[in-house]
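Step one of this worksheet: look at the structure below.
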Amino acid sequence: MSDRSSPLNQRLRRLLGTNSLHAPDQAPSGDKRPPDSSLLFESQITRLSQALLDLRTLDQQRASELCELRDQLRLTQSRVHAALHDLDELIGAIEGQLRPPPPAATLFERMRASSTAPNLEPERRAELSAWLTALKRLRIKLCAASES
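Here full-length UniProt numbering is used: the first residue of the sequence shown is 1, the next is one more, and so on.
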């Protein structure tokens, strides 16, 4: 045979762990590994096991951080919803103050309505209108923040 061997022969030699293609009784046995190959396997297994352990630890940390962030999000959303509810009540109260009394048909109804209707000076009415506008803008911003 020539010194040059085909890629198939080279691959077969590597698989058999020998330099020649002899009969199986002359080929080295599978038990006779170089001592460094088992050490190499053990060190690779140790490194891979440690890497897997590190990844599992990181995954657990990430999962706990995710749970904490979800809890914070729920708490923040509940606070925003409570603030929106209070803001809606305040807006309703100011709108009630600014609303003129409904026209009454009888003298008695007009007297009763005028006694319960707020008598606001124009300056106070303008002040409440400005507050109402600011509160409505704040409500819109809070709604947008809670949706995002």
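Glycine included, each C-beta is placed from N, C-alpha and C at the ideal position.
- Where does L120 fall in DSSP's three states? Three-state DSSP puts L120 in coil, outside helix and strand.
- Message: For residue 154 and S78, which I take to be in contact (beta-carbon distance under 8 Å), what is that distance rounded to the nearest angstrom?
- Response: Outside the shown range of the chain (1 to 148) lies residue 154, about which nothing can therefore be said.
- Sequence-distant residues of the same chain with beta carbon closer than 8 Å to L87, five excluded per side: Excluding sequence neighbours, L87 sits near L135, L138, R139 and L142.
- Query: What is the DSSP secondary structure of S129, reduced to helix, strand or coil?
  - Reply: S129 falls in the helix class under three-state DSSP.
- Task: For L120, collect the residues of the same chain with a Cβ closer than 8 Å to its Cβ; drop the 5 residues on either side in sequence, then sort them by chain order.
- Result: Excluding five sequence positions before and after L120, the CB atoms of its chain that fall closer than 8 Å to its own CB belong to Q97, L98 and L128, given in chain order.
- Item | Helix, strand or coil at P7 [DSSP, three-state] | In this structure, P7 counts as helix in the three-state DSSP scheme.
- Message: As an exercise, report each continuous alpha helix (DSSP H) stretch of at least 4 residues that is fully enclosed by the stretch 26-91, in chain order.
- Response: DSSP runs (the alpha helix (DSSP H)) wholly in the stretch 26-91: none.
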